[in-house]
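Every position in the sequence shown, counted from 1, becomes a number in the working numbering once 141 is added. Idealized CB from N, CA, C, for every residue including glycine. Computed from a predicted structure; not experimentally measured. To start, the structure itself, in structure tokens.
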Amino acid sequence: MSATTGATVPASRRFSVTDGVWDQLPTEAVATLTSASLRLEFPSSGKAGLGLALTGTADGRQWQAGIASAHHAADGRMTLAVAGVAPAISLMALPVVGPKIPVNAAALSRLALVARSGTKAPGKDLVDRLQSLLNGAGGNALPQLDTALLAKRASVGAEVNMAGTPVRVWRALGSDGTREAGTPGTAAELLPEDTAGPDGEPSQPRAQGQWWGSAADGPSIPDAEDSGTGEATGTGRAVQAATWVDVRRALGPLQVHRVGVAYTTSPKRLWLLIDASLGAVGLVFDAVGLGMGVTLGRSLAVEGTLDGLGLSYTAGPVRVAGALVRETRPKPPLRLLVSGILVVTTPQIGFLAAGMYGEMTDGRVTVFVVGQVTGLQLPLGPVVVTGLLGGFGYNSCLAVPEKAAEVPRYPLVAGIGDEKAMPVTSGAAAVLKKLGSLVTPAGDHVWVAVGARFTVFKVVECSAVVAVQVAPGDVMVALLGVARARFPQNDNPYASLTLGLRAVYRLSTGELSVSGALDPGQSYLVSKDCKIQGEFAVCTWVPPSAHTGDFVITFGGYHPAYRPSPHYPKGLERVGVNWQPSSAVVVRGEAYAAVTPSMLQVGGMLRVEYSSSRVSAWLRAELHATVQWEPFRFEAFIGVTVGVEIRFMGTHHLELDVELTLWGPPTGGVAHLKLPVVPDVYVRFGGPRPTAVDALSWDAFRGKVLAGATLQAGVAGGLLQEQQPGEGGKNKTPQVALAQLALSVRTPAPCTHLQVRTGDGSHTTVAGTPTATVPIRPMNRTAVTAGCTLILKAATGAVISLARWGVAPQHGGLPVSAWGAPLGPSASPPVRPDTELLPGQVIGARLVPPPPTRTDPLIGPIPKTRLEAESGRSGRVPGPDNPSGSKPTDGSRGQVASTLATEKARRAREELYARWTALGLAPGTAAMPPLDPLTGYVSRLWSTVTCDPMLVPTSGKD
142 MSATTGATVP ASRRFSVTDG VWDQLPTEAV ATLTSASLRL EFPSSGKAGL
192 GLALTGTADG RQWQAGIASA HHAADGRMTL AVAGVAPAIS LMALPVVGPK
242 IPVNAAALSR LALVARSGTK APGKDLVDRL QSLLNGAGGN ALPQLDTALL
292 AKRASVGAEV NMAGTPVRVW RALGSDGTRE AGTPGTAAEL LPEDTAGPDG
342 EPSQPRAQGQ WWGSAADGPS IPDAEDSGTG EATGTGRAVQ AATWVDVRRA
392 LGPLQVHRVG VAYTTSPKRL WLLIDASLGA VGLVFDAVGL GMGVTLGRSL
442 AVEGTLDGLG LSYTAGPVRV AGALVRETRP KPPLRLLVSG ILVVTTPQIG
492 FLAAGMYGEM TDGRVTVFVV GQVTGLQLPL GPVVVTGLLG GFGYNSCLAV
542 PEKAAEVPRY PLVAGIGDEK AMPVTSGAAA VLKKLGSLVT PAGDHVWVAV
592 GARFTVFKVV ECSAVVAVQV APGDVMVALL GVARARFPQN DNPYASLTLG
642 LRAVYRLSTG ELSVSGALDP GQSYLVSKDC KIQGEFAVCT WVPPSAHTGD
692 FVITFGGYHP AYRPSPHYPK GLERVGVNWQ PSSAVVVRGE AYAAVTPSML
742 QVGGMLRVEY SSSRVSAWLR AELHATVQWE PFRFEAFIGV TVGVEIRFMG
792 THHLELDVEL TLWGPPTGGV AHLKLPVVPD VYVRFGGPRP TAVDALSWDA
842 FRGKVLAGAT LQAGVAGGLL QEQQPGEGGK NKTPQVALAQ LALSVRTPAP
892 CTHLQVRTGD GSHTTVAGTP TATVPIRPMN RTAVTAGCTL ILKAATGAVI
942 SLARWGVAPQ HGGLPVSAWG APLGPSASPP VRPDTELLPG QVIGARLVPP
992 PPTRTDPLIG PIPKTRLEAE SGRSGRVPGP DNPSGSKPTD GSRGQVASTL
1042 ATEKARRARE ELYARWTALG LAPGTAAMPP LDPLTGYVSR LWSTVTCDPM
1092 LVPTSGKD
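Following this line, the structure appears as structure tokens:
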């Protein structure tokens, strides 16, 4: 009785929900019971064993299930449940390639399920007894047990008959169904390297990659809620990773490389995956994501799946290959994703391209393509182009490296002709996996990238890519490149340099930056142990940036005490060398230089160290200097340390330090000597540190700092492109379109109170207040009032009222070296400004005139849509909605000829020409004077005017 009780413990106790196994079991597959047999064993140990076999049918297929329970001294009691069915499903049901399989050559012969109790895997003795109990109960048709199978809590499996040879594949369920090392993930395998080895056997398939955010684990199989249109809408579907078994068998023209099994839980479906290709006479088709899913229910419904097809053709040295694949589980915001690859290789030139097409959840289309041409030899003087690369994206965003040090490894730069950097031949999945997050779906983004790989004088190898990206409210232009050089050009060069370059302009931020970085892993001098390093950056800011006018130039960073502004480049590596010629000697040197609107910074460090078991010696030297522009002042620090340590009969340490600090003007300084045993020695020379700053007068400040700059005014909008040249090649008075006219005014000094003249001597404040102030550092002034009044005058000298004009102040930043608070005397170098710019200052204004008023208009405005096509049977252009002025009347060419020939018309033309001349708009040239009597035109009027025109009286006059 104890054995029977142990065999019928409820499954909820044996397979707990927390194990993640019970919910995954296909309990829906319950057949109609036709027979049952039971075996009980009562050994002398008193630990009974049970074996139960059940046979049933469902939809004409025979099912068999078994339960076995046994005890082992080392493993304890274990209960086992086994089930199997013979579906007899031919592989001819596979999509596309199925009809190519010979009849009865391959079939899915058995599906099976095994689940056990306990957390510990059983040993061989216990497994053999469980198998004996099942066989004794009549369960000979059930799967054969072994320790490897029962190492997992629960597993599903399939048996495929391949040309008479059974192939068995098992897939663990629950928490044991994690992805195994080396197991392929998605079925996005686009292009096999080769479909057959030298001996004609199929080659080992490649590992598969991730395609633009697709699921990393599990086979590429349809979702439970797939609508059939490729728009996967399922959520929360549990899928186990696939388990693969090498087959390497031929089924007619079909080459089967591997067979895999995967399992989904919603619905509970076992997937048989086939890695196969179809070849004939150099032409090979590859099936991507090929397989069939069997629903584990009474009906065993079969569903085929095929993600895509690959094609390759080889004829001698020429090879053409391509593939097109649909990803069944695209990651949001994508609902449909199709990727593709094309490869053409010849002995000289190769063309490779990969891309994708997707639909986002909002219905918009996203496209991405990248390709390259290799093997070129295009000489352009000293430059030889060896490779080309191009890319295009629509509704996709291209990210660029944030630092120049990242450029040599940037896929679009490193991938030009480099298979390791951007493996186009490995498929679109591998390309997008390499690109990572560089290309992502993004609405309303368009980008284009063009690159080349070339050599200069056969010495410098360069790769460069120019990318332009347009997005809502932003335009980005980027130049990314890398240059490599070795001297001499052999296997043991004495010098090697790899420089990454990054130049980026962004319209939205107004930042223009150029930066570069040496790769210390590939840059050295004299010896590979002598690494060289360093970064530089040149940045400036233009409108609409809040830092307009600011700039920075730095090589290797800044002064150690300098606090750079938040928008300045930071973390730049010092320019220098790091050399370890032997295990006992280390030489390291580095330097920096920086220029900002307020100062110059230079410095460096040198360290030479020797260390052995008995002796250590060192030399350390450093220099740090700053120069402030106005008022001019400088400070420099130089330090040298020499030391030795001897470890013999104790430790003996000796070190000598010399420090020198210089300042000016007036030039002075102090030398500090640190000696062992004796007290420190100080030597002062020159003048003392200044206790007051010499202030500049306004005239000196304007001449030296502002360089005598004056008010600048110009046309900011509405300037016509067709400008008539004046005498000496100079333009006459600018010609503008009044409706788009805009004027700009810029001052060399900030305006603390900006006002405009509105007529009759009155003024209107535009920005600031009469009491606002601004500091001037070179003048040693903390608060200065700088009022500005805009007065607009006509050519006659009359003041034009700005009351109806639109006047907008223009703000910007000014360098604190001129417009900052006075620094005052200080014992420390002036390298701690809060910012390099004084932001938010009024530095000008933009003036827009009031809209022009029409005088005696002849016709009113006509909507653009009414001019896009003729209307009515007459073919006449429609008139305005509300016409004004005189109504046109039917005229004749004779009436026009007689009017032009009158004296009255001649005087009218002369008066009009005089008015145009006064405005600088006189037409005609010396070769074609504008005031001819028009007799030639009148004589040819019936030829040039093909029909009688309509005439409009002018103010009641002819």
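When only Cα atoms are considered, residue 581 and residue 539 end up about 7 Å apart. Sequence-distant Cβ neighbours of residue 264 in its own chain, meaning closer than 8 Å and more than five residues away, are 213, 215, 216, 288. A distance below 6 Å between beta-carbons, with the five flanking residues on each side excluded, links residue 989 to the following residues of its chain, in chain order: 883, 947. Straight-line spacing of the CA atoms in residue 922 and residue 856 works out to 35 Å. When the beta-carbon positions are compared, residue 977 and residue 956 come within less than 8 Å of each other.
A direct Cα-Cα distance of roughly 12 Å separates residue 769 from residue 735. Within the segment 912-995, the complete beta strand (DSSP E) segments of 3 residues or longer fall at 915-917, 922-925, 928-931, 947-956, 978-989, listed in chain order.
Between the alpha carbons of residue 522 and residue 671 lies a gap of roughly 34 Å. Under the DSSP assignment, residue 824 falls in the beta strand (DSSP E) whose first and last residues are 822-827. When DSSP states are grouped into helix, strand and coil, residue 550 belongs to the helix group.
Within the segment 708-785, the complete beta strand (DSSP E) runs of at least 3 residues fall at 716-720, 726-736, 740-752, 756-769. Excluding the 5 residues flanking it on each side, residue 797 has same chain C-beta neighbours closer than 6 Å at 783, in chain order. For residue 585, same chain residues with a beta-carbon under 6 Å away, outside a window of 5 residues either side, are 613 in chain order. DSSP places residue 669 inside the beta strand (DSSP E), whose first and last residues are 668-682. For the set 395, 191, 188, 184, the Cα lying nearest the Cα of residue 246 is the one of 395. For residue 848, there is no enclosing beta strand (DSSP E), as DSSP gives it neither H nor E. Secondary structure of residue 790 (DSSP, three-state): coil. Straight-line spacing of the CA atoms in residue 501 and residue 507 works out to 7 Å. Under DSSP, residue 520 shares a beta bridge with 525. Cβ neighbours of residue 909 within its own chain (closer than 7 Å, five residues either side excluded): 892, 893, 894, 895, 983. When the five nearest sequence neighbours on each side are left out, the beta carbons in the same chain lying within less than 7 Å of the beta carbon of residue 979 are those of 954, 955, 957, 960, 961, in order along the chain. Residue burial annotation: residue 794 is exposed, with fewer than 16 other C-beta atoms found within 10 angstroms of its C-beta.
In the DSSP assignment, residue 1037 falls within the unbroken alpha helix (DSSP H) covering 1034-1041. The alpha carbon of residue 314 has as its nearest neighbour, out of 302, 723, 259, 255, the alpha carbon of 255. Among the bridge pairs identified by DSSP, residue 635 is matched with none. In the three-state reduction of the DSSP assignment, residue 665 falls in the strand class, which pools E and B. For residue 610, the secondary structure class from DSSP, reduced to helix, strand or coil, is strand.
Under the DSSP assignment, residue 1045 falls outside any beta strand (DSSP E), being part of the alpha helix (DSSP H) whose first and last residues are 1044-1059. Of the residues assessed, residue 185 falls on the exposed side of the cut-off, its CB having fewer than 16 other CB atoms within 10 angstroms. Beta-bridge annotation (DSSP): residue 895 is paired with 908, 929.
Around the beta carbon of residue 932, a 10 Å sphere encloses fewer than 16 other beta carbons of the protein chains shown; the residue is thus reported as exposed. With contact defined as three or more Cβ pairs closer than 8 Å, the segment 689-696 and the segment 625-643 are not in contact. Per DSSP, residue 265 is one residue of the alpha helix (DSSP H) stretching across 265-277. A direct Cα-Cα distance of roughly 28 Å separates residue 397 from residue 497.
Residue pairing for residue 296: DSSP places it in a beta bridge opposite 255, 313. Looking only at 419, 437, 438, the smallest Cα-Cα distance to residue 429 is reached by 419.
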